[in-house]
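Colleague: Below are the structure tokens for one structure; questions will follow.
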Amino acid sequence: MSNKEISFEVSMLSLEKVIEKLESSSTSLDEMVQLYEEGIKLTHSCKSKLAAAEERITTLVNEKDELKEVPGI
Amino acid sequence: MNTEQTILSVSQLNNQAKFLLENKFSHVWVEGEISSLRQYSSGHIYFTLKDATGEISSVLFAHDAKKLGFIPENGQKVIMFGGVSIYSPRGQFQFNVKSIHISGKGDLWEAYERLKRKLESEGIFDPSQKKKIPAYPQKIGVITSVDGSVIQDIINVITRRSPHIQIMLRPSLVQGDSAVESLIQGIEDIHACSSQMDAIIIGRGGGSMEDLWCFNDERLVRVIANSKIPIISAVGHETDFTLSDFASDLRAPTPSAAAELLSPVRDDLYQYLDEQEERLLGFIQSYILNQYQTIEMAILSYGFHKPEVFFDQQKEKYNNFTNVLVNLAQSSVDKLKKKLEIEYEKLQVLNPKDILKRGYSLAFDEDGKIINTDSPLKKGDNINLHFSDRIANTTINKVEKK
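Taken in order, these protein sequences are the chains called A and B.
So for the first sequence, our numbering puts the first residue at 4; every next one is plus one.
So for the second sequence, our numbering puts the first residue at 3; every next one is plus one.
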């Protein structure tokens, strides 16, 4: 599973689902270990997403129907 | 008299009644005629609003009066917006006026109501059509004026709470004749832009209902309702409701409130993620503890009667646990590893070699792999039987189902 393109929102919701699964059903050992690993992977990718992109503010400018995203406001 | 019965003080009764009324009648339009109007030096305006059969004391506070742009007069027929409350010190039932519109200009309001009903009947405001506001957005588009406090308020709130969230401003007019076109273009530009926004805030500061009028434009309302990206409207102040508010996916009372709704505090998120890691670990630990209890029980009962079945089961468990240990070692979770090492030692009791010492044998194929029920066997295969003290090489003569 490549985490590059998966949004923070999706990762957080997937994590909730993993925990829910572990909580609700009696899973086999294999499944449990798999869920555990998936969960840990998700928490790590969420944390790295939180750490990335500090305070990026841009302005979307429309110049004669050409859209440009420029830094700052 | 029941001594359990609460006896209220006058103030308590007033306050409870006030609370009830304010909840029930917080956003009300009421029509009538102004009388007994007096304005105090504080700027507050007091008057009575009446119709043919009733009247209500009304107060327009100075800061709202300033926004009106005109001073109401006795005898004027008006439509007022505001909420009902009780002035506790005097137990007086009154209408707190937020804005006043002269009925003579009523055409505007009739048009507003007509359009509202029309859009309503088309399902434009239908709650089931609302898009879900993302709980953890990464990129937020903001459509508002580049001047003024709105964009600054939004930036302040979001960068303070969620420095991981990116903000993209799409400057727009928010007042006047060209505002509608500008706002629509803004929404379309954000949809067309290469950075995918998770949500859009459309905001402007408070103003008179006339200032906010562009947000009642039918075309704008439709564009908002049809937006692919969830839109939070934060237009005006708490008391002004525009049709854009009804069409958006969520209405925030102020631009800062909109920003807050979209920005979970980052430290809380870190803490949440730490807690989830602990929980994940906990699931595995308690599972393993459970399994041990099962094994212990098996040792006490079943194994004694059917040793060969018991052995197969334990071998399977042993293999599984070994896998778990390998996996967890890779995931480098030291705490769990330490715990598992202790448990691994306990598992050594189940090592097949120990069982060989008790007089059983194990069969291995030519590659040295253990033969179990799933292994393919055919006539002529060479297999090795391992005893605790010797190995016998044998050839299979016949394989038949049991």
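Where a beta carbon is used, it is the ideal one built from N, C-alpha and C, also for glycine.
In this text the structure is predicted, and so the values were computed from the model without any measurement.
Tell me which same chain residues have a C-beta within less than 7 angstroms of the C-beta of glycine 71 of chain B, skipping the five on either side of it?
Modeller: Along the second sequence, one-based indexing puts residue 71 of chain B at 69. The residues are Ser210.
Colleague: Alpha carbon to alpha carbon, how far is glutamate 298 of chain B from glutamate 398 of chain B? Give it in angstroms, no decimals.
Modeller: For the purposes of this step, residue 398 of chain B is taken as the residue at position 396 of the second sequence. For the purposes of this step, residue 298 of chain B is taken as the residue at position 296 of the second sequence. Reading off the sequence, residue 398 of chain B comes out as isoleucine, not glutamate. Isoleucine 398 of chain B and glutamate 298 of chain B: Cα-Cα distance of roughly 37 angstroms.
Colleague: Give the straight-line distance between the Cα atoms of glutamate 69 of chain A and aspartate 128 of chain B, rounded to the nearest whole angstrom.
Modeller: The residue you call residue 69 of chain A lines up with position 66 of the first sequence. The residue you call residue 128 of chain B lines up with position 126 of the second sequence. Each residue's alpha carbon lies about 34 angstroms from the other.
Colleague: Can you tell me where the alpha helix (DSSP H) with threonine 256 of chain B in it begins and where it stops?
Modeller: As a first step, residue 256 of chain B is located in the second sequence; it is residue number 254 there, counting from the start. No alpha helix (DSSP H) holds threonine 256 of chain B; DSSP gives it neither H nor E.
Colleague: From isoleucine 9 of chain A to leucine 45 of chain A, what does the alpha carbon distance come to, in whole angstroms?
Modeller: Indexing the first sequence from 1 puts residue 9 of chain A at position 6. Indexing the first sequence from 1 puts residue 45 of chain A at position 42. Rounded to whole angstroms, isoleucine 9 of chain A to leucine 45 of chain A spans 10 angstroms at the Cα level.
Colleague: Smallest Cα separation from phenylalanine 243 of chain B: which of B/Gln131, B/Lys118 and B/Gly370?
Modeller: As a first step, residue 243 of chain B must be located in the second sequence, where it is residue number 241. Measuring from the Cα of phenylalanine 243 of chain B, the nearest candidate turns out to be B/Lys118.
Colleague: Sort out for me which residues DSSP pairs glutamate 34 of chain A with in a bridge.
Modeller: If you number the first sequence from 1, residue 34 of chain A lands on position 31. None; glutamate 34 of chain A has no bridge partner.
Colleague: Return the CA-CA distance between glycine 205 of chain B and serine 164 of chain B, expressed in angstroms with no decimal places.
Modeller: Along the second sequence, one-based indexing puts residue 205 of chain B at 203. Along the second sequence, one-based indexing puts residue 164 of chain B at 162. Each residue's Cα considered, the two are about 19 angstroms apart.
Colleague: Given a cut-off of 9 angstroms, decide if proline 173 of chain B and alanine 201 of chain B are closer than it, judged by their beta-carbon atoms.
Modeller: Taking the second sequence and counting its residues from 1, the one referred to as residue 201 of chain B is at position 199. Taking the second sequence and counting its residues from 1, the one referred to as residue 173 of chain B is at position 171. Cβ distance not < 9 angstroms, so alanine 201 of chain B and proline 173 of chain B don't count as in contact.
Colleague: If you compare alpha carbons, which of B/Leu51, B/Lys133 and B/Phe21 is closest to aspartate 251 of chain B?
Modeller: The sequence position of residue 251 of chain B within the second sequence is 249, counting from 1. Out of B/Leu51, B/Lys133 and B/Phe21, B/Lys133 has the C-alpha closest to the C-alpha of aspartate 251 of chain B.
Colleague: Rounded C-beta distance between serine 390 of chain B and lysine 359 of chain B? I'm assuming under 8 angstroms.
Modeller: If you number the second sequence from 1, residue 390 of chain B lands on position 388. If you number the second sequence from 1, residue 359 of chain B lands on position 357. Right, their Cβ atoms sit about 5 angstroms apart.
Colleague: In whole angstroms, give me the CA-to-CA distance for arginine 224 of chain B and glycine 75 of chain A.
Modeller: Taking the second sequence and counting its residues from 1, one reaches residue 224 of chain B at position 222. Taking the first sequence and counting its residues from 1, one reaches residue 75 of chain A at position 72. Roughly 30 angstroms between the two C-alpha positions.
Colleague: According to the Cβ coordinates, are tryptophan 31 of chain B and phenylalanine 83 of chain B closer than 9 angstroms?
Modeller: Working through the second sequence from its first residue, we reach residue 31 of chain B at position 29. Working through the second sequence from its first residue, we reach residue 83 of chain B at position 81. Yes, Cβ-Cβ distance for tryptophan 31 of chain B and phenylalanine 83 of chain B is below 9 angstroms.
Colleague: Could you check which residue in B/Asn395, B/Leu171 and B/Asp276 has the C-alpha nearest to that of lysine 71 of chain A?
Modeller: Position 68 of the first sequence, counted from the start, is the residue given in the question as residue 71 of chain A. Answer by Cα proximity: B/Leu171.
Colleague: Measure the C-alpha to C-alpha separation of isoleucine 373 of chain B and leucine 283 of chain B and round it to an integer number of angstroms.
Modeller: In the second sequence, residue 373 of chain B corresponds to position 371, counting from 1. In the second sequence, residue 283 of chain B corresponds to position 281, counting from 1. Their backbone Cα atoms lie some 34 angstroms apart in a straight line.
Colleague: Does any C-beta atom of chain B lie closer than 9 angstroms to the C-beta of serine 10 of chain A?
Modeller: Taking the first sequence and counting its residues from 1, the one referred to as residue 10 of chain A is at position 7. So, interface residue.
Colleague: Which two residues bound the contiguous beta strand (DSSP E) that contains arginine 206 of chain B?
Modeller: As a position in the second sequence, residue 206 of chain B is number 204, starting the count at 1. From DSSP, the beta strand (DSSP E) with arginine 206 of chain B extends over 201–206.
Colleague: Does the count of Cβ pairs from the region 271–282 of chain B and the region 37–55 of chain A closer than 8 angstroms reach three?
Modeller: Yes, they touch.
Colleague: Check for me: the beta strand (DSSP E) holding leucine 364 of chain B runs from which residue to which?
Modeller: Residue mapping note: residue 364 of chain B aligns to position 362 of the second sequence, counting from 1. Looking at the DSSP string, the run of the beta strand (DSSP E) that includes leucine 364 of chain B is 364–366.
Colleague: If we count Cβ pairs, one from each stretch, closer than 8 angstroms, do we get three or more for the region 54–63 of chain B versus the region 19–30 of chain B?
Modeller: Cβ pair count under 8 angstroms is below three, so no.
Colleague: Would glycine 150 of chain B and glycine 207 of chain B be called neighbours here (beta carbons separated by less than 9 angstroms)?
Modeller: Counting from one through the second sequence, the residue named residue 150 of chain B turns up at place 148. Counting from one through the second sequence, the residue named residue 207 of chain B turns up at place 205. Result yes, Cβ atoms of glycine 150 of chain B and glycine 207 of chain B sit closer than 9 angstroms.
Colleague: Any C-beta of chain A sitting closer than 9 angstroms to the C-beta of glutamine 316 of chain B?
Modeller: Position 314 of the second sequence, counting from 1, holds the residue named residue 316 of chain B. By this cut-off, glutamine 316 of chain B is not an interface position.
Colleague: Across the region 176–194 of chain B and the region 16–24 of chain B, are there enough close Cβ pairs to call them in contact, namely three or more that are closer than 8 angstroms?
Modeller: They do not touch, by the three-pair rule.
Colleague: For the region 14–42 of chain A, which residues have a CB atom closer than 7 angstroms to at least one CB atom of chain B, in sequence order?
Modeller: Residues passing the 7 angstroms Cβ filter: Met15, Leu18, Ile22, Leu25, Leu32, Met35, Val36, Tyr39, Glu40 and Gly42.
Colleague: May I have a chain-ordered list of the alpha helix (DSSP H) segments no shorter than 4 residues that lie completely inside the region 42–104 of chain B?
Modeller: You should have 64–70.
Colleague: Going along chain B in order, which residues have a C-beta closer than 9 angstroms to the C-beta of glutamate 72 of chain A?
Modeller: By 1-based counting over the first sequence, the position of residue 72 of chain A is 69. Ordered by position in chain B, the residues that pass the 9 angstroms Cβ test against glutamate 72 of chain A are Met170, Cys195, Ser196 and Ser197.
Colleague: Does methionine 4 of chain A come within less than 9 angstroms of chain B when only Cβ atoms are used?
Modeller: As a working note, residue 4 of chain A is residue 1 in the first sequence. Unreliable positioning characterises methionine 4 of chain A in this predicted model, as indicated by a pLDDT of 39, which lies under 50. A coordinate reading is not provided.
Colleague: Classify histidine 65 of chain B: buried if its beta carbon has 16 or more other beta carbons within 10 angstroms, exposed otherwise.
Modeller: The count along the second sequence starts at 1 and reaches residue 65 of chain B at position 63. Under this definition histidine 65 of chain B is an exposed residue.
Colleague: Considering only residues of the same chain and omitting the five flanking positions on each side of methionine 4 of chain A, which have a CB-CB separation below 7 angstroms?
Modeller: As a position in the first sequence, residue 4 of chain A is number 1, starting the count at 1. Bear in mind that a pLDDT of 39 at methionine 4 of chain A, under 50, signals an unreliable position, so the number given afterwards is only what the model happens to contain. Closer than 7 angstroms at Cβ, skipping near neighbours: no residue.
Colleague: For a test of the three-state rule: what should DSSP assign to arginine 59 of chain A, helix, strand or coil?
Modeller: Counted from its first residue, the first sequence places residue 59 of chain A at position 56. It is coil, neither helix nor strand.
Colleague: Closest by CA to valine 433 of chain B, which one among B/His193, B/Asp191 and B/Asn158?
Modeller: In the structure displayed, chain B extends from 3 to 404; residue 433 of chain B sits before or after that span and is not available.
Colleague: Please work out which residues of its chain come closer than 8 angstroms, Cβ to Cβ, to threonine 146 of chain B, disregarding the five sequence neighbours upstream and downstream, and give them in chain order.
Modeller: Position 144 of the second sequence, counting from 1, holds the residue named residue 146 of chain B. Correct list, in chain order: Val152, Ile153, Ile156, Leu171, Pro173, Ser174, Val176, Ile203, Ile204, Gly205, Arg206 and Pro257.
Colleague: Name the one or two DSSP bridge partners that serine 235 of chain B has.
Modeller: Position 233 of the second sequence, counting from 1, holds the residue named residue 235 of chain B. Answer is B/Ile204 and B/Arg253, bridged to serine 235 of chain B.
Colleague: Looking at isoleucine 186 of chain B and arginine 221 of chain B, is the spacing between their C-beta atoms short of 9 angstroms?
Modeller: By 1-based counting over the second sequence, the position of residue 221 of chain B is 219. By 1-based counting over the second sequence, the position of residue 186 of chain B is 184. Going by C-beta atoms, arginine 221 of chain B is nearer than 9 angstroms to isoleucine 186 of chain B.
Colleague: Give the residues of chain A in contact with alanine 137 of chain B, contact being defined as C-beta atoms less than 9 angstroms apart.
Modeller: Locating residue 137 of chain B in the second sequence gives position 135, counting from the first residue. Neighbours of alanine 137 of chain B on chain A, chain order: Glu12, Met15 and Leu16.
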